[in-house]
Structures are given as structure tokens and as C-alpha cells.
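Under mature numbering (1 follows the signal peptide of the UniProt record, and there is no 0), residues -24 to -1, 1 to 660 are what the sequence shown spells out, in order.
Notes for the one structure printed next.
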Amino acid sequence: MLCCSSRLASRLLSLVLLATAALAANPPDFQRIKYNNPALRTDVGVGLWGWPLPLDYNGDGLMDLVVVCSGKPYNGTYLFENSGVTDPEGGLPLLKAGVRLGRGIDSAQISYVDGKPVVLTAGAIYPHFTRSALEQPQKLNAPSVPEIFGATDANLTKPDISGIRSSQWTEVDYDGDGKRDLIVGIDYWGDYKWRTSNQATEPAFDENGKWKFGPLHGYVYLLRNTGTNEVPSYAKPIQLKAGDAAIDVYGRPSPCFGDFRGTGKLDLICGEFIDGFTYFENIGTRTEPRYAPGRRLALGGVPLTMDLCMIAPVACDFNGDGHLDLVVGQEDGRVALLQNTGKVADGMPQFLPPRFFRQLADEVKFGVLSAPSAVDLDGDGLEDLVVGNSAGYVGFIKNLGGDPVRWAAPVYLAADGQTIHIQAGYNGDCQGPSETKWGYTDVCAADWDMDGLPDIMCSDVWGKVYWYRNIGTRTEPRFAAAAQVEVEWPGKPPKPAWNWWEPHGKELVIEWRCTPYVIDWNHDGLPDLVTLDHEGYLALFERRKTADGRLQLLPGKRVFRGEGVSSFDSIQRPTNHQSGLLQLNSGLGGSSGRRTFCFVDWDGDGVLDLLVNSVNVNFLKGLGQNSEGQWTFKDMGPLNPGQILAGHSTAPTVVHWTKGKPGEVLFGTEDGFLYLIPHGTLPQ
């Protein structure tokens, strides 16, 4: 017979099992966590990729900001309404939290014709935008993008329409005849051969680190209106030139025509795929434009650049001072104002450096491809977040306590007095120099040197693993400069076959964009490292202590096994159907790596499970250690098959924010927001 306490325990266990079964049958949607901090102000931000449409959306006389996001999972058109209050930090209007208006479409552009906003996407116009956003397109009677590209007379090695990645369309009265013409910017990747490098079995750079293929191209075309504004008819596309050469910026031109200098003529400013602007001075007339060769837009001789890449500029007089400003979106969905000072230097309009718009804080966000690690970094008893992202920053998001948890705004962490900002540079990214501003920091906060202070482990775009030693105190963390993690290799350090560069000394080089997970796996009291090795296998790098007390890291062992399926791609799709050593990514080149994970006993059976990135997060049930000493895992599928949250990556970590309750899983995803998974959620 069961005693009362035993019956109660049994009853509680039954309830837990029933609740778990209910969650498995009907998994809840994962929810983005909020700041829960009404006084807080943060940068405006949508998800991956931001296309800004500045306009007075609600007709109250104040310029609002609409931002279109075409990435996963935050796809949509969002209104950030002007609050009418000036933000003292940046001197710009403080905006309200974003409200979704409808779907998002790539390369949405706005232009002002006769003072009125006109919104276009490729081949479509939205005359009712302020009523229906991008939900009611009207097709333009214009050539298709491939037909427009056919007008190219630039010296391309192999013109190939499959190399067209995007196009940006705007209306402008190009030649002052009162008719609205079409301008189309085309982002062309045909010479760059991105797809080739993305599955490369050998380096896409030569032995000196020079890119083997061509550049990105950004071309600009004119479709002159030979009809009327009411019934337009467009002439054959003309590729615009500057000097004697076709206008050609480094991808994604987003052309902006406007009288930036107050001359009565239309100059041209183009963005690019990376971070800068090219200015083309109209040395002709209003009715017969002619453009000088492009120059980098600069202030006081210093080129103006955005913090991140994939920029999208729009010309408008945002502050109503009579000068055309630039409102610019970038990769992480943030938007900045480059204010036109009204001054001209050497024929070039002078813009102030970017100032980012801010909003009333809503949902916690840190760039895009956010990769969180939970840790009480400042010793106050509350579990904070240390987060990496695609831009190469490492952020600290402080837990301010409360239920629900209240959060401070993210701050960039520094090492040796300098902001941590890892970037690929020209040749650090296996997908080429277009990704020069990416860093892809994946982090794990743990006490690596066993001194009682949490350190930061970080992997990056290069596939290197760094250690930022905490040299502060338990309540005031401070970090030393990055030190590369070294392994006691018996010979030459291994590396991915597609890396053009060789490892130095004993450095550890893994596949790029993977979690460096610190855990005492073998229970010997020393922190070990689990991560992907140079061929995509999940590997255990054990620590040992030498006779003189030094900690050493041993070469990785492939001791993890997949049951039924053992090889996957970057988002956990099987690439075989057989048991074997666990290869978390069998991809090559740019398709390699990209795996983030954490260990936790998720199903409460006393055995560590593995949670990995997928369309959201996949549950790999731990089956324990076999007779050969291998730890086996079986992929049970995504925790919520119906909620697709990633095309690039999600990154899970275990959090303990509610006392008396088991850990939950928080994960970042490509939109940069942070999502919480209720404990007990299991695949259907």
C-alpha cells in the first residue's frame, strides 16, 4: 500500500506526464520575450533585412517610419509611429513600438514625386499603401527584371539572369518633362559565383587570400515614360552611365535621385551591399542629366559608412528643413538618419554620420542571428544573457529581476578596453569579400580557467575559438583581450578543407558559426569543450591538468553517435538514414558549420539530451553510453514543427528564471529576437 506522500508523489508524476503529453500533442507557439521595462528606449528594429519607408503614415503631420522586413520569421511591414516626443539621446523623434501592417516583400522602396510618397516593389506599385500596406499591388506595365537586365552593356564576363539577386524600383521625373519615369537598380551576383563558393571542396581564395572570382555589381536603369502619368508607357530600358562607364557599385544599388545640393538638378546617390554610399554629381542640366564618375559620400573627407551591411538608403526631407536627407536601413533591421546639413564641399552634399532611430522598448533583440548564453555575469543572483550575433558583437543583457523578468537594454561587451567586434574582413569569410562585415559570434559563458569567475568562449566567422578571460571581480566583470583556444595537437593542426589559410601554432580551428559548448563531460572536475570539428562531427575536447598545474585541451574525439540518422545539414535535415558517428553538418564551404546547440535533460529521464538548431529547435533524445564508450542520440524532430523560425540559424541555451521550476530553453534566431520554449515541450 502506498503512503500518503507516495500517493501524492505518484499523483504529481501522473499530472506531469499528462501535461507533457498534452504539450507534445499541441505544442505552444514559442513567444518572443519582452523587456517589461516601460521606461526603456531601444533602437528601432525589425528582423533580418530592413527596407525603410519614411512617410506620414497616419496623416497627423509627423513623419513616421514604416520598415519592411522580408526575412524569417519576422517577415512583415511594420509601422513605428512618431510619438511627437524628441529622443534626447539622438535628437530624433522617439517612435512607438512597431505594429505589423501586413506582409513583407523584398526591396520595397519609397520615392517622393511632387512631394507625395510612392511605394514600389519589383514590377508593382501600391497606390493605397497607407490603407493596405503591401497587400494590394498594382502591376506596372513595364518590362520584367530579366528584360531590363538585357539592356546591360557593361563588360560582364558571362551575363546570366540567374545571378540577379534583387532589384529596387522607384519613380522619378528623371528629365524634368513632368512625367514620372521608372528607375531600377539591379543587384547582380553572376560574376561573384556565390553558389560555387557555397559548396566548395577547396578554397574560393588563392594561397595569398585573394578572391578567385569577380565582384558584386550594382547597375542602374532608366525606363523613360513616353506616355502620361495616368497611362504610362515605358521605353526600352537604358543603362545609366557616369562618365564613360556604366554605373556599377558593389551590389544592391538602391538608387536615390534628388536635388541634394539645392541646384535644381537631380544628383544620384547609391547604396551598396556592404556599408557605403556613392555620390554621382549631375554635371549636366535638369532636363539633360549627365553624371560624373562616382565618389564615396564623405563628410570632411571621411567616407560615411553604416555600422552593418546590406544597406538600403531612401532620399526624403525627414526633418522638414528643406534639405533631402537619407534614411537608411541595414541588415539587422535597424534604421538610421543621415541628415543633410545643407552644405556642399567640392560639389558634394554634406551629410552628418548615421544616427539610429529609437523606439519605446518592446521585445528583446540583439542584432540578427542572435546566439544567447545564460549566466549570472555580475554576481547578483540573477541569470543574465551574453549574446553573439551576425555582426560580430558580443552583448550583455542584464536581468533586472521581477516576474516576468525585466531586462535592461543590450550593451556591447569590451575586452582590454575595446568593444568586442569580430569581422571577416576581405578574406575571412569562406563565402567571399561581400561578407567583410560579418562576424557570426557564437558564445558560451563559463568558468574556463576555474578561478570562480565566468569567462566568455566565442567562435566566429573564421572558425576560430577565442577565450575572453574575466579579470574583474564577481560583481564587476572585466575581460582581457581575446586569447585563441589551443589544443595539444600531436602534429599539424587540422582545418576545414576550404579554408585558404593555415592555423598557427596549436590553435583550434573548427567549422564556422558553431557553439563552443563548455561542460564537464567526463565528470573529472575540469571544464571540457564540445563543438563541431573541422569536418562537421560533434567532438569532445577533454581537459587535463599537467603536473605543474597547467590546464591543457586534448584533441577532439568523435564520441557522439546518431541512432537511425547520423548525418545532417545546417538546419537538421538528414543527409543519411543510418546509425553512426554524429556529423551535425555534412555540408561543404559556406554550407558547412552553422550548428548551435546545448545539452540538457529535457525529458527528465536522468540522461542528457541534445537540443540543436533547426526550423526552430530539434530534440535529440539522449540514449546513454554504449559498450564502445559512445554517447548516442536519436533525433525526435523539432519541438514545434508548425513554427518555422529560421532559414539560417537558431541558437538554444538553458535558462532558470523561475525558482522552483526546471530550466527552460531560450533561443535566438535570425531575426535577432529571443524566444522561450516552455519546459516539457516535446515533438509530436
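All C-beta atoms in this analysis are idealised placements derived from N, C-alpha and C, irrespective of residue type, glycine included.
Everything numeric in this text was worked out from a predicted model, so none of it was measured.
Alpha carbon of residue i to alpha carbon of residue j, nearest angstrom
i	j	result
L505	E111	49 Å
G277	M324	10 Å
A291	A367	26 Å
T572	I432	16 Å
S491	R228	In the sequence under discussion, the amino acid at residue 491 is Thr, which differs from the Ser named in the question. Roughly 31 Å separates the two Cα atoms.
G240	V437	47 Å
residue 663	F249	The shown model of the chain, from -24 to 660, leaves out residue 663, and the question about it has no answer.
V641	L587	9 Å
W474	T645	26 Å
W607	K597	11 Å
Y88	E147	8 Å
C420	L16	27 Å
Y210	A118	6 Å
P654	D5	9 Å
L77	G52	7 Å
L584	N616	20 Å
D220	Y416	40 Å
G161	I245	12 Å
E518	D379	39 Å
D647	G126	35 Å
T128	Y255	21 Å
M282	G252	7 Å
N131	A321	Low local confidence applies: a pLDDT of 49 at N131 is under 50, so the model's placement there is unreliable, with the coordinate-based value given in what follows. Each residue's alpha carbon lies about 33 Å from the other.
R79	G481	51 Å
R271	Q619	46 Å
L300	D235	7 Å
G358	G448	Gly is not the amino acid found at residue 358; the sequence shown has Leu there. For L358 and G448, the distance between alpha carbons rounds to 18 Å.
G582	L429	28 Å
R534	G605	11 Å
P231	C285	16 Å
D611	S603	20 Å
Residue-chain proximity (residue i, chain B), Cβ-Cβ < 8 Å
i	result
K468	Considering every chain present, this structure includes no chain B. It has just one protein chain.
Beta-carbon proximity list for residue i, same chain, < 8 Å, skipping 5 on both sides
i	result
D153	T263
V95	L29, A84, Q85, I86, I101, Y102, F105 and L110
A(-3)	Because A(-3) carries a pLDDT of 41, less than 50, the predicted location of this residue cannot be relied on, and no value is offered for it.
Q175	G563, L564, G565, G566 and S567
C609	Reading off the sequence shown, one finds Phe at residue 609, where the question assumed Cys. F536, R537, G538, E539, L558, D585, L586, L596, K597, G598 and L599.
G613	N594, F595, P659 and Q660
T177	A473, W474, L564 and G565
Residues near residue i in its chain [Cβ-Cβ closer than 6 Å; skip 5 each side]
i	result
P386	F342, G371 and I373
G99	L116
F643	V593, T626, A627, P628 and Y651
G74	Y54 and F56
Residue i, enclosing alpha helix (DSSP H) - first and last residue
i	result
W170	W170 to N174
S108	F105 to S108
E123	V121 to F125
Extent of the continuous beta strand (DSSP E) run through residue i
i	result
I495	Y493 to I495
G161	D157 to Y164
Y195	H193 to L199
D611	W607 to P614
S143	I140 to V148
W27	W27 to L31
R334	R334 to L336
residue 677	No answer is possible for residue 677: the residues shown for the chain start at -24 and end at 660.
V290	A288 to C292
N594	V593 to Q601
Supposed close pair residue i, residue j - CB separation, criterion 8 Å
i	j	result
N592	T629	Between T629 and N592 the Cβ distance is about 14 Å, and since that is not below 8 Å, they are no contact.
V303	F332	Incorrect: roughly 11 Å between the Cβ atoms, too far for contact.
V42	L24	About 17 Å separates the two Cβ atoms, so there is no contact after all.
N365	S349	Not confirmed; about 12 Å, so no contact.
E462	L529	7 Å
Y224	H193	The residue you asked about is not Tyr; residue 224 is Asp in the sequence shown. With 8 Å as the limit, D224 and H193 qualify as a contact, their Cβ atoms being about 5 Å apart.
T18	Q335	6 Å
Sequence-distant residues of the same chain with beta carbon closer than 7 Å to residue i, five excluded per side
i	result
I81	V44, S46, T97 and L110
H510	P470, K471, P472, V485, I486 and E487
G639	V576, V630, V631, H632 and H655
S142	D82, S83, D163 and R228
> Does the stretch 43 to 63 come close enough to the stretch 251 to 269 that 3 or more CB-CB pairs lie under 8 Å?
Replying inline: Short answer: they don't touch.
>> Within 8 Å, do at least three Cβ pairs link the stretch 266 to 276 to the stretch 59 to 67?
In response: Because the criterion of three Cβ pairs below 8 Å is not met, the stretch 59 to 67 and the stretch 266 to 276 do not touch.
>> Check whether the stretch 197 to 207 and the stretch 146 to 162 are in contact - that is, three or more C-beta pairs closer than 8 Å.
In response: For the pair of segments examined, the stretch 197 to 207 was found to touch the stretch 146 to 162: the number of CB pairs separated by less than 8 Å reaches three.
> Between the stretch 448 to 468 and the stretch 403 to 411, do at least 3 Cβ pairs fall closer than 8 Å?
Replying inline: Touching, no.
> Counting pairs of beta carbons, one from the stretch 461 to 469 and one from the stretch 379 to 398, are three or more of them closer than 8 Å?
Replying inline: Touching, no.
> Do the stretch 552 to 561 and the stretch 523 to 541 make contact, defined as three or more Cβ pairs closer than 8 Å?
Replying inline: Taking one beta carbon from each stretch, the stretch 552 to 561 and the stretch 523 to 541 have 3 or more pairs nearer than 8 Å; the two touch.
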